[in-house]
Amino acid sequence: LFRSYLSTRLNFISDFFNTRVAGQIDVYLEDTSNTYGDGDNPYVRFVIGFFNRGFLLILSLFIIYKSNDDRIENIKKIYNLVLLGFLIYLILGSISTVFMRFGRYYEIYQIILIPLCLQLVKKENKLSMYLLIILYSLVKLMFVILNADKTYVPYQSIL
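If you're matching positions, the sequence shown starts at 2 in our numbering and goes up one per residue.
Laid out in structure tokens, this is it:
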């Protein structure tokens, strides 16, 4: 008796959320009153985001596989989370500009991965790696400052 009651309630809850989320996705895709992101080409933004995430992926992959440290296994787990965010960005970013934000939640793992990878770099290469990361960060900061009005995507509730 309890099992059927619980099953009925769970089905109701899942049907409710599925219809609400599907409805909001349709609103995001079809709403023409929102003009966010219209200032530039969405394909250009997608390619810039691809290179932004790809640079750190390739750099950290190079550092990880050149190192013979014991901490590699934990760093590989974080790298896999960064890779997952990159794949989500690639898959959903090609659908709509709004869906690109789902890959942004994994950018926190990039912040964690960079110092861990820099710890693995040998002393003679540390200065060049620090300069490379600082240069990358400055370019990213300037891009965000100069294009802040064109790339702002406001959040809306899906409930």
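Cβ coordinates follow ideal geometry from the N, Cα and C atoms, glycine included.
Pairing V122 with M130 gives a Cβ-Cβ distance under 8 Å. By the Cβ criterion, the stretch 43-50 is not in contact with the stretch 72-81, since fewer than three pairs of Cβ atoms, one from each stretch, lie closer than 8 Å.
In the displayed model, D16 falls within a helix according to three-state DSSP. In its chain, beyond the 5 residues on either side, I79, L82 and V83 have a beta carbon closer than 6 Å to the beta carbon of Y110. Spatial neighbours of L117 in its own chain (CB-CB distance under 6 Å, excluding positions within 5 residues in sequence) are listed in chain order as I76. Taking C-beta separations shorter than 7 Å and ignoring five residues to either side along the sequence, the partners of Y90 in its chain run G50, R54, M101 and G104, following chain order.
Burial is judged here by how many other beta carbons sit within 10 angstroms of a residue's own beta carbon; L57 has at least 16 and is buried.
The DSSP-derived three-state label of K123 is coil.
Residue I112 holds the alpha-carbon nearest to the alpha-carbon of G86 among Y66, Q120, I112 and N69. Closest by C-alpha distance to D70, out of K124, I96, Q120 and E108, is Q120. The C-beta of S97 has fewer than 16 other C-beta atoms within 10 Å across all chains shown, which makes the residue exposed. A distance below 8 Å separates the beta carbons of S61 and L114. Within a 10 Å sphere around the beta-carbon of I64 sit 16 or more other beta-carbons, which makes this residue buried. When rounded, the separation of the alpha-carbon atoms in L128 and E108 is 24 Å.
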